[in-house]
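Chains as they are written, first to last, in my numbering: chain A, 399 to 972; chain B, 285 to 620; chain C, 80 to 377; chain D, -6 to 325; chain E, 23 to 356.
I have placed the structure first, in the form of structure tokens, so that the comments after it can refer back to it.
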Ligand SMILES: Nc1ncnc2c1ncn2[C@@H]1O[C@H](COP(=O)(O)OP(=O)(O)OP(=O)(O)O)[C@@H](O)[C@H]1O
Ligand SMILES: Nc1ncnc2c1ncn2[C@@H]1O[C@H](COP(=O)(O)OP(=O)(O)OP(=O)(O)O)[C@@H](O)[C@H]1O
Ligand SMILES: [Mg+2]
Ligand SMILES: [Mg+2]
């Protein structure tokens, strides 16, 4: 029962990343695979939750690393004591095999295409515990991050998935001509085999190994060969399935969780959770924000004045209060960047941006500027037809639904006819959004810390800019997923090109570009930023102590990593 | 401890009421009837006259929404059945009083073989020697012209109507009851089967020394087998006496009319006439006065106000104001 | 011999249908309560939206307010009166329920009658169709359909629910028809050469009326549940004052099952559902007696 | 006039798990119903009386043989034409309660066919109303009382009269009365029988009377014909009085012997015949169908089937012999 | 005996035809569901906090599993697979066969469905007898009305209330999942206790939501039997109450058995609400998840299994009736 999880030595948590599926293989390459990052699945290093710098890491399998300033070459030094749970040492060969397997799956650092920015050109085993990875000609400043994020699997278990001539084939694939194409096909042809591979048992270099799994839960037990075993307090870890906020709240209230991932929590529930002995809330930075995005080819949203008018009418703090009072902060302004990163990126520049405080008078002026007319207290389109704002949200996101409802209420108060329309599920929502069927919809953005990732959401494929084989092109609105439909060049600026430059730019240049894009976004309003998420985590001090403090840069990492880093200690006397 | 004598039955002032939306209405109003030990008594009457209700009262088994609201049913060896309750009542049923149901066609549990139901009966009445009971049942069935072994192994639906009726009689007698009540034993059977059943009833009655009550709406059936005959109308016994007398010289105008209304195989067609009006139902029985007056050719002023009390005329009991008055004593010539 | 002239029985006044209905209702007070409840909901469905200003007022300072005189069931996430939401949401729910019921009953009765009355080849074909309808798992299909189909109006909703739910009634109506068909009065009507339309419309249907009416009411409740349930699962379009959406928001947005704050928000639509069900159940209880002249007149 | 020749009907019983069997309900029945005449069928339960009645009323199909209505053979006709012919034959059901729609008043019940009739004849609505009253009066009930009522408010006798009135709305030539009095109270039974006889005389309708109570047959048509049917075969046929008073076939004799005697009023016939066994449909149907149960059977009876012989009073038996079986008046 | 086989083959042929039609309908509908599984997966991962690059890598794998070819080719391929017993590969759990997923989910559906149905059947039948016997009294009325009411209250309402009561207000039972992972699976006390604890709420919810229906069915069935002559006849023979009760109960329950078989079949698809609320990994939840993930093969497979369950239940109900009712068993009309 519930009480069973309170056994001493058992650490109970929830994996928010996927459904636990008992039939899935113990294989980190499988999207549903039964491995748990930070517990039995290890990466070379663990990214810190930094608002600005994507390349700060805590050590993982890699004890340390060196990188050249242009990130052309990364040398990785493995943990000297690292061993697999079957007792075999973790070697450079394991890392090389893991990288080889990653190639079969594709990805930024391990793209077979040599022209792709930030792809690795060469992997070299320097010695048993040192590996050197070199970046190809088209450089990306995310290379280090991507390399260090490599999941390391044992070569003696997964190695046979790579054919003996794999590395020669890879080399051929990175060339040109028909031979290269054939080699490429050979490598991607391995993907399915790699994903489907089901090892008989879990061989892990992490602090735990998978003991068993049922359709809703997984049990991990301590790996006695883990290199930093002295740091690990629990003997066993029980990972529960994530099925909905509701369920997490209940677990928390019953006091059965030691830590829980980010969830949206209504105020009343939060109070109730806090009442349970030992429960604490830890809040930290979360580089995600929610916004109202426009289909800019659709009338009247093609007119920037209309978008601005809406921005002046939406009371973001009221929206936040209704929708996500605990896990959100109202966006200070709308830049496309999370307020916390914005502070770091823009500094005083923020002051120059329009705050879009609620201002009906300004809004009316903007609407008039757009040619809209007011008839009987209701705003109508320039041609006199009624204007009806339809805000689309996926039905399954309760905070978005509440936010959308709050916005429509506000707009209705100001004489704009507005309604909420929901899509049955998120997949459907995305499909229709991408097909350009919506005027106005909700959109996740500000996915930091990399500025490239942040602006890629606004000035990337959703807005027409496609990066194909290292070449940036712009496709017309309504094609290939270009649903935002913004202009390619605004005021002489090509935001897509700037965004893609962020990938390779040095910090100074990045700062300049971010400044430009923030200002452009603030003026052009392809999206209206509503609120920034706050990473709200729950921990319980009744069995363990030493939890990361608020705003800690490990907060977004799994608790398994906190353990590796020696943070979590058994509570005395429990 | 079974009685080996034919019990007498005395029904006195029996009143049975049914609860209806308009209140409790009497289906039997002060019925008196005596069954002499060892005789076959018939009760005839039209539909709704209260025959089944009277028969059920002998076992204190009037079904809700009906209840016995007054009177007594004295059975030799049992006492007043109306007072019996609980297990005493249950034991009396089946063991002392056998009942053959109106719709014997459907009086068996469709999911159990006859034999199993016989064993249920035996166990319910604490029969120690069940094999003996089975033997007795087989003998009885054989006596009625059936292959006992086969019948006991059969389900209800595998038996014909006549066979079911005989099984019903067997079940009523197998525990050695000496008072047997048969409610419409031959309704829904065809002529030839009916004749067979009636013959069996007579024979078994004689062989086992029973007191038998037969309820029927077919005067012919009653005439064929009974020693004494009671005629019911509107919840009252209007005439009762030896069968030959009642049929040969009916005194109550209703009995007379009823006999005249019977289609017959011989005799003059023109003599037969239907009774005018229609038989009363529970709701249309007059509250006071004679129940038959609406259809009565001899209606007098007194009939509207006073319910005639049954009066004895020799062996006969008749409830009619007109009977006993010299003018009306004359019995129609053709029936004498 | 002449035909006997029967004595006329005391004449009873010819009774009015509605007087009979009233009598049936009066027999049990619970039925009156049922009628009152159903009437209340019908009233809310018809006039509910007129009772409140549109859009409904909200109070930013009273999100999830506790019940009070001003807000008997508290307020929702936006500070809107929950009772007002329930009242104004009745129309959608009832309309979809009615639409479903009408379609279910029309299709079910029509197909059942046709199959039962014509027998033979028609019967085989229609019964196969009915089997098919009954074999299709309804709720799963609805879930799938909800992604294909945007149920923007209650009528659309009703149509789909109706099309997925007529099988049971069709089967039952068919067997009723088959048994009624053997009854003397239907045979007599055929022997008299009365038209099929007359036989079906005047003789068969009225005999099945209590049954059909009962099924109709049950279909209404069933449709309301299915519909509210789909909204609750969140697969149908948002409508702030729809009972199902209220349930969804109360549970998943407000944590009504976890903390007391949003509990009234959850309970109000739940109570509305329960009350409506109770009303319908009580009315169904009287249905048999209303349509049976014998029970009605006594 | 309706005649039937060699009418045969076999019910194929749809089997359940263990399969079914075929029931020969009618085996080549010949009959003739004269205009205004009375024909009675008697027989034990299950011998095919109802089946025959329903075939004559057009409610059931027959397998072979032919039914001719006023010179028109029915088998060649299309459904609609056949229906039009059969409208002249009306069935009166045994159970007067189920024969009337409980949800419709008597007025509604009578009005529907009359309206149809009015349309066919080009008469007015008022004619239909008038006709309803006329017919009810004809069958001997007070229209004012009956018309507004529901069936459950009437007695069995009244209901049966309404059923007859309804049958008369289409001016039939034949009434098929299947056990029409068996569910009616004894005191009212004669009334209905008298009514049927009356209708024969006054309207010149023929009556096909089906019963297991032979005595009632006399009251409808002592001038008519009586058919004794056994397991789907007519075993004796003749003028009603003749068959009753001088039955020739052992089966007829058995049937008549079984009729209870009103002791005190009558005494039993001297030569009553009792069948040796109960009826069993599974008995072999080679030879005489009654052979198994017949006390007078010989070897021939078991191998050959006798056919109906004789013109006025026919019988299907190898050993015909009149016997005194019916009860006679006790004194007279 | 031949007819038994003939009847059975007839049933089977009709059942298979039915399954084929439903499969075809569901295939067409499913393939027309809008929504791109790849994009869905990608955004879902992002929403769950994964970086865009990592999410991209994780979803890239899905491309290889998308069905290709014209709708007709896909259809014939699908049918061909079905005939060979192959339900295809899951999209959302690449590399795992749909059959495997369904097998593991079906296991979990059977337990609460059987438990819940039997519990509600027993409860409803008992109370139904009581309601029928006391039908003219206040208690009988109350039972009947509460039966109809409960019959009417949707499963999810009861599920929600039960959750609120037993996991929050008075937390004595686990809120979800099939079994506590801490215990070694197998035939040991701890595991079985945990299994039962987890199944309790789904079973309870199901039982509460459906026993009202059984009350009503049983009540009317008992009322019919009570009106049958043989019960009065048995009473007049002086049979003991217990024997009498058995006569009534057996005859009344008989028609309910076929409904029971049918409802078991329906339940395979009908447990969606309960499984969602209690996160119970059965077929209903599998279907909901597969719809969310646009896992065409899995959706089709689950649909197929649910349909097959209904068809089989129909056949079983028919055969069951023939076996338990002697009137049907030994042939001949009652
Ligand atoms: N359950 C009941 N509820 C109300 N009235 C009843 C009930 N049972 C019988 N009665 C009425 O009681 C009266 C006598 O009924 P009973 O069954 O004793 O008549 P019967 O002479 O046996 O008639 P039948 O020949 O039809 O069997 C009838 O008027 C009948 O309507
Ligand atoms: N619809 C039917 N399907 C199958 N068999 C039938 C059908 N109707 C009648 N039978 C059978 O045909 C035979 C003749 O039946 P019918 O009803 O004509 O007899 P009946 O002489 O009217 O009997 P009763 O006196 O019982 O009314 C019987 O064996 C009966 O079981
Ligand atoms: Mg009776
Ligand atoms: Mg018949």
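Glycine is no exception: its CB is placed at the ideal position from the N, C-alpha and C atoms.
By the CB criterion at 8 Å, residue 319(D) and residue 249(D) fall inside the cutoff. A distance below 6 Å between beta-carbons, with the five flanking residues on each side excluded, links residue 172(E) to the following residues of its chain, in chain order: 234. Beyond the five residues adjoining it in sequence on each side, residue 75(D) comes within less than 8 Å, by CB distance, of 51, 67 in the same chain, given in chain order. In the DSSP assignment, residue 170(C) falls within the unbroken alpha helix (DSSP H) covering 161 to 197.
Annotation for residue 518(B): 564, 569, 575 place their beta carbon closer than 6 Å to its own, counting only its chain and skipping 5 residues before and after. Under the Cβ distance rule, residue 610(A) counts among the residues neighbouring chain E, one pair being separated by less than 8 Å. Against residue 197(C), chain D offers no close residue; the least beta-carbon distance is about 12 Å (beta-carbon pairs closer than 9 Å).
When C-beta atoms of the region 609 to 622 of chain A are compared with those of the region 633 to 640 of chain A, three or more pairs fall below 8 Å, so the two segments count as touching. Membership of residue 445(A) in any alpha helix (DSSP H) is not indicated; the residue belongs instead to the beta strand (DSSP E) covering 443 to 445.
Identification of chain E residues near residue 360(C) by a Cβ-Cβ cut-off of 7 Å yields 167, 170, 171, 174, ordered along the chain. With a cutoff of 8 Å on beta-carbon distance, residue 208(D) and residue 177(D) are scored as not near each other. Cα atoms of residue 130(D) and residue 151(D): separation of roughly 12 Å, rounded to the nearest angstrom. In this structure, residue 948(A) keeps its C-beta atom at 8 Å or more from the C-beta atom of residue 582(A).
Sequence-distant Cβ neighbours of residue 113(E) in its own chain, meaning closer than 8 Å and more than five residues away, are 59, 84, 87, 88, 315, 316, 317, 318, 319, 320. Not one heavy atom of ligand 3 lies closer than 7 Å to the C-beta of residue 251(E).
For residue 297(E), no Cβ of chain A is located within less than 8 Å of the residue's own Cβ.
Closer than 7 Å to some heavy atom of ligand 1: that describes the Cβ of residue 336(B).
Per DSSP, residue 548(A) is not a residue of any beta strand (DSSP E), being assigned neither H nor E. Remark: C-beta atoms of residue 703(A) and residue 758(A) do not approach each other more closely than 8 Å. Looking at 562(A), 586(A), 560(A), 559(A), the one whose alpha-carbon comes closest to that of residue 572(A) is 586(A). Of all residues in the region 82 to 97 of chain D, the ones placed with a Cβ closer than 9 Å to any Cβ belonging to chain C are 82, 83, 84, 85, 86, 87, 88, 89, 90, 91, 92, 93, 94, 95, 96, 97, in chain order. When C-alpha distances from residue 292(B) are compared across 592(B), 381(B), 409(B), 545(B), the shortest belongs to 381(B). Not one heavy atom of ligand 1 falls within 7 Å of the beta-carbon of residue 109(C). Residue 463(A) and residue 540(A) do not touch by the CB rule: their CB atoms are close to 15 Å apart, not below 8 Å.
DSSP, read as helix, strand or coil, puts residue 612(A) in strand. The closest heavy atom of ligand 2 lies less than 7 Å from the beta carbon of residue 18(D). When secondary structure is reduced to three states using DSSP, residue 675(A) falls in the coil class, being assigned neither helix nor strand. By the Cβ neighbour-count rule, residue 38(E) is exposed, with fewer than 16 other Cβ atoms within 10 Å of its own.
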